[in-house]
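Same order as they appear, the protein sequences are chains A and B.
Under my numbering, the first sequence is numbered contiguously, ending at residue 155.
Under my numbering, the second sequence is numbered contiguously, ending at residue 1155.
Glycine included, each C-beta is placed from N, C-alpha and C at the ideal position.
For clarity, every value in this text was computed on a predicted model and none was experimentally measured.
Below: one structure, written as C-alpha cells.
There are 2 protein chains.
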Amino acid sequence: MLGRTYDAEVCSAARALEVVGERWSLLIVRKALFAGARRFGDFRSLGIATNVLAKRLDGFVDAGIMERTGPDGAEYALTEQGRELATVVVALTAWGDRHLAPDGPPVLYMHAGCGGSVAQRLVCDTCGEVNDPAELRAVPGPGMPAEIAARMSAS
Amino acid sequence: MLGRTYDAEVCSAARALEVVGERWSLLIVRKALFAGARRFGDFRSLGIATNVLAKRLDGFVDAGIMERTGPDGAEYALTEQGRELATVVVALTAWGDRHLAPDGPPVLYMHAGCGGSVAQRLVCDTCGEVNDPAELRAVPGPGMPAEIAARMSAS
DNA sequence: ACGCGGGCTTGCATCACGCAACTCGTCCTC
DNA sequence: GAGGACGAGTTGCGTGATGCAAGCCCGCGT
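Next up, the structure:
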C-alpha cells in the first residue's frame, strides 16, 4: 500500500487513508459492497488494470478488509471491517450527489428492510444533530501519544 | 487531478474521488477544517512535498473546494462545498478509530456549541437508524443515464 | 541597499499506474 | 487425451505522478 506514508499526521483518518486511500481502493470496496462483486473478473468492469487490481485485492486481504473464500479460494469477500467502510462510501456519495451531480443522484442507497432512503448524518451525542461542519472541533483523545499532545499545547 | 479517470463507474462516489481521491487531498482538507490551516506553510507540517502541495491547492481552487483569500491573496479558505467534506473525514476517522487505533482514538471530534462528542451515522428516513451496512442496497436514481439503467437491467 | 522569511517553481530520480501480452490451471468438448 | 475456452492472475515496458533538494521571486524590516 502506501507504506506508512502519512506518519506526520496523528489521526485515524490518516491511518485509514493508508489502507483505502490509494487509487481505485474505495471503488473496489463499493463494488463489493453494493454490486455484489466477489470474483476477480467482477471488478474488471471498473476499468482498472489487472495488475493494479491484483495488488489492491492482495493489499485488502493483508489489511483484513477482505478475505478469500469460495470453494476454489478465488472469491474475495469483505470482512466485517471492510463492510463498515460503507459509511465512508455513503459520505463520499452524498457529497458527490450534492456538488457534482446536476441531474440528481445517479445512485441512491436504500434500506433493505423497509425501503426507506438512507442518508448519512453527523450526530452530537448530547444535543442531537450537527448541521454545520463549522461547529466541529478536533481535540486530542486517549490514543494521542503524550509527547505529541505536549508539543501541540506548547506550540 | 485525475482527469475523469473513473468514467466507468456512474456514481457520485467516483466523481467525488476524482476531486478528493488523490494522495494527500483529504489530509489537506482535514488540516484546513480542524487545524485551522490557511497558508501554504501551514500545510507543510503534513510532510507533503511543496510541489505536490501547490498542485493540490490549485486543484482545490479549480474544483471550488477552496478559494484564495486574505489581504495578499495567499490564504486558502475552504468554501462551503469544501467544509461539507467534514462528513467524509469524520467517517474515515471513525473507521480508523475502530480498526486501526488499538490505544483509542488519537483525535476526537466535539460539537463546539455543547461540547458533546460527534459521530457519524447512517440514517433511514422511514425507520430510523441503520445499524448494519449489509442492510443497504444501491438502486438507480434520477441522475442515472437512461441507457445505462437499461443496460444494467438487461444484464 | 541588504538580508530574511514565506510562497512557490524547477530539475531530476524514483515509484506507481495503464496497457498489452503472456502464463497457468481447470473445465469442456471432441 | 488433444484441443480449445475461460478465469485468474503475472510480466514487461512506457508514461505520468510523487519525493526531495535547490533555486527564484517578492514584500518587509533595517
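- Residue burial is scored here from C-beta neighbours: PRO142(A) has fewer than 16 other C-beta atoms within 10 angstroms and is therefore classed as exposed.
- Of all residues in the segment 1058-1069 of chain B, only GLY1064 come within less than 8 Å of chain A when Cβ atoms are compared, listed by chain position.
- Taking a beta-carbon distance threshold of 8 Å, ALA54(A) does not count as an interface residue toward chain B.
- At a cut-off of 8 Å, the C-beta of ASP1125(B) has a neighbouring C-beta in chain A.
- The C-alpha of VAL1010(B) lies about 14 Å from the C-alpha of LEU26(A).
- Taken in chain order, the members of the segment 1034-1050 of chain B whose beta-carbon sits within less than 9 Å of a beta-carbon on chain A are PHE1034, ALA1035, SER1045, LEU1046, GLY1047, ILE1048.
- GLY113(A) places its beta carbon less than 8 Å from that of GLU1135(B).
- In this structure, the straight-line span from the alpha carbon of LEU1078(B) to that of ILE148(A) is close to 26 Å.
- Closer than 8 Å to the CB of ALA1134(B) there is at least one CB belonging to chain A.
- Within the segment 51-76 of chain A, the runs of beta strand (DSSP E) that reach at least 3 residues and sit entirely inside it are, in chain order, 66-69.
- In its chain, beyond the 5 residues on either side, ALA1086 have a beta carbon closer than 6 Å to the beta carbon of LEU1033(B).
- The contact set of GLU84(A) on chain B, defined by CB atoms closer than 8 Å, consists of TRP1095, ARG1098, HIS1099, PRO1133 in chain order.
- Around the Cβ of GLU22(A), a 10 Å sphere holds 16 or more other Cβ atoms; the residue is buried.
- Annotated three-state conformation of VAL1020(B) is helix, per DSSP.
- For ALA119(A), the residues of chain B that pass the 8 Å Cβ criterion are LEU1122, VAL1123, ASP1125, in the order they occur in the chain.
- If you look at ARG1121(B), you'll find it in the beta strand (DSSP E) that goes 1118-1124.
- Residue pairing by DSSP places LEU1078(B) opposite MET1066(B) in a beta bridge.
- The bridge partners DSSP lists for ARG98(A) come to none.
- Between THR69(A) and ARG1030(B), the alpha-carbon positions lie close to 36 Å from each other.
- When the alpha-carbon of GLU1067(B) is set against those of TRP1095(B), ASP1042(B), VAL1052(B), ARG1038(B), the nearest one is in ARG1038(B).
- Within 9 Å of the CB of ASP7(A), the CB atoms of chain B belong to GLY1047, in sequence order along the chain.
- Between the alpha carbons of ALA74(A) and THR1005(B) lies a distance of about 28 Å.
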